[in-house]
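Asker: Below: one structure in structure tokens.
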Amino acid sequence: MTETDDQPRRHLAQRMEFIEWRLFWEGHVNRSDLEERFDISTPQASVDLRNYREAASDNIEYNATEKRYVASSKIKPKFLKISANRVLLQLWAWVNGVLQRDDLWFSSIPAVDIAPEIGRDVRPEVLRRVLEAIRGRQALNVRYQSLTSSRWRDMAPHALAFDGHRWHARAWCCEREEFRDFVLTRIERLGKLKSVSFDPEHDIEWRDTIRLKLCPHPGLSDEQRQAIQRDYDMPEGVREIEVRLSMAYYFIKRMNLDLKDLPPARAQISLANLNEVENAIAEAKAAARKLVERSPDT
């Protein structure tokens, strides 16, 4: 079957998903919804609704008073993997201009707002050249603004990472001969690509992971702990999150897990194995240095 032959089937599947999405999240759907969304005829919309009723009869009912199909009280999605996070992320993306109105399946978008974030837009040319360096496993000469100086440096990126606030390149620093993070918005100017010998597998902090053991702050009251356990999905009073060693630092800083003097209600959660994490990061740095020293290519 060719891609062209398979296209009607994909379009039908998408319309089935749309019907179910509207039923689950808005509680109703009618023919005009399908006609407007997919630019199809009224007869085709009727066929689609009939097909859905046949495939998932327990999910849909016709309300003669409202003259539209409504979700049954026992709806169980059959065509969609329901995710509240996905819907909320779509709303976030729409507010921030990442998605357009036509990208959303809401008949009417609810009132929604996002707390402002300080703009950190990465220049397209910077990302394009960094991606080029990653693909070719080459070093990129950049004018980089650190907190102490602005100067030209050679970095050989092998990965990209987002710390919750900004994007950075995980890269081999040719000057310091170690793996470091280079914030993409701090790259002021771009130079040439250069040949370099390095092995991303030597980046132990990127390669290895650790489990962070999160729990409600011990200084909270019983009622406060129960609220925090619900907020952070800690039914047993603890939640473990696996992260790369190179990303653990950013998570700890972002969640203020290293600030011991914060009031419990402000801190909310604590990291039970902070010392273990810090030791693992230090050991990974040392192990990476040894690997690099032994390597004949660096």
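Here this note's numbering = 1-based position in the sequence shown + 15. Each residue gets a CB set at the ideal place from its N, CA and C atoms; glycine is no exception.
1. Using only the alpha-carbon positions, how far apart do V44 and P131 sit?
2. State the Cα-Cα distance for the pair E18 and R30, rounded to the nearest angstrom.
3. Please work out which residues of its chain come closer than 8 angstroms, Cβ to Cβ, to R25, disregarding the five sequence neighbours upstream and downstream, and give them in chain order.
4. Residues in the same chain with beta-carbon distance under 8 angstroms from S122, minus the five sequence neighbours each way, listed in chain order, please.
5. Keeping to the same chain, check which residues put their C-beta closer than 6 angstroms to that of A302; ignore five residues upstream and five downstream.
6. Note down, one range per segment and in chain order, each beta strand (DSSP E) of at least 3 residues found wholly within the region 238–296.
7. Report the rounded CA-to-CA distance for L119 versus E32, giving the unit in angstroms.
8. Beta-carbon separation of R185 and A171 under 8 angstroms?
9. Quick check: I296 and V258, are their CB atoms within less than 8 angstroms of each other?
10. With a CB to CB cut of under 6 angstroms and the five nearest residues on each side skipped, what residues in its chain are close to A71?
11. Can you grab the Cα-Cα spacing for the pair M16 / Q22, in whole Å?
12. Could you tell me which residues DSSP puts in a beta bridge with V198?
13. Within a Cβ cutoff of 6 angstroms, which residues of the same chain sit near L86, ignoring the five residues on either side of it in sequence?
14. So, with DSSP's three-state summary, where would you put W167?
15. How should E35 be labelled, buried or exposed, when 16 other C-beta atoms within 10 angstroms of its C-beta is the threshold for buried?
16. In its own chain, which residues sit with a C-beta less than 7 angstroms from the C-beta of P215, not counting the 5 before and 5 after it?
17. What residue range does the beta strand (DSSP E) around P231 cover?
18. Please report the residue range of the beta strand (DSSP E) in which A86 lies.
19. Return the CA-CA distance between A108 and L95, expressed in angstroms with no decimal places.
20. Once you ignore the five residues that flank M270 on each side, which residues in its own chain have a CB closer than 6 angstroms to its CB?
21. Grab the span of the alpha helix (DSSP H) containing I97 for me, first residue to last.
22. Is the beta carbon of P279 closer than 8 angstroms to that of L235?
23. Tell me where the beta strand (DSSP E) around Q160 begins and ends.
24. Count the other CB atoms, across all protein chains shown, that sit within 10 Å of the CB of S285; report buried if there are 16 or more and exposed otherwise.
25. Using beta-carbon positions only, say whether A148 and D169 come within less than 8 angstroms of one another.
Answerer: Put simply:
1. 34 angstroms
2. In this prediction, E18 scores a pLDDT of 46, lower than 50, which makes its location untrustworthy; no coordinate-derived value is stated.
3. none
4. R37, E41, D48
5. For A302, where only same-chain residues beyond five positions count, the Cβ hits under 6 angstroms are I219.
6. Listed in chain order, they are 254–259, 284–286.
7. 13 angstroms
8. no
9. no
10. K93
11. In this prediction, M16 scores a pLDDT of 44, lower than 50, which makes its location untrustworthy; the coordinate-derived value is nonetheless stated afterwards. If I take the Cα positions, the gap works out to 10 angstroms.
12. Residue pairing by DSSP puts V198 in a beta bridge opposite H183.
13. Checking the sequence, you will find Ala at residue 86 rather than Leu. Contacts found: L38, G42.
14. Here W167 sits in strand by DSSP.
15. Buried: at least 16 other Cβ atoms inside 10 Å.
16. H173
17. 224–231
18. 83–86
19. Approximately 20 angstroms between the Cα atoms of the pair.
20. none
21. Neither: I97 is in no alpha helix (DSSP H) and is coded neither H nor E.
22. Taking a C-beta distance under 8 angstroms as the contact criterion, L235 and P279 qualify as a contact pair.
23. 154–160
24. Per the 10 Å Cβ criterion, buried.
25. No, Cβ-Cβ distance for A148 and D169 is not below 8 angstroms.
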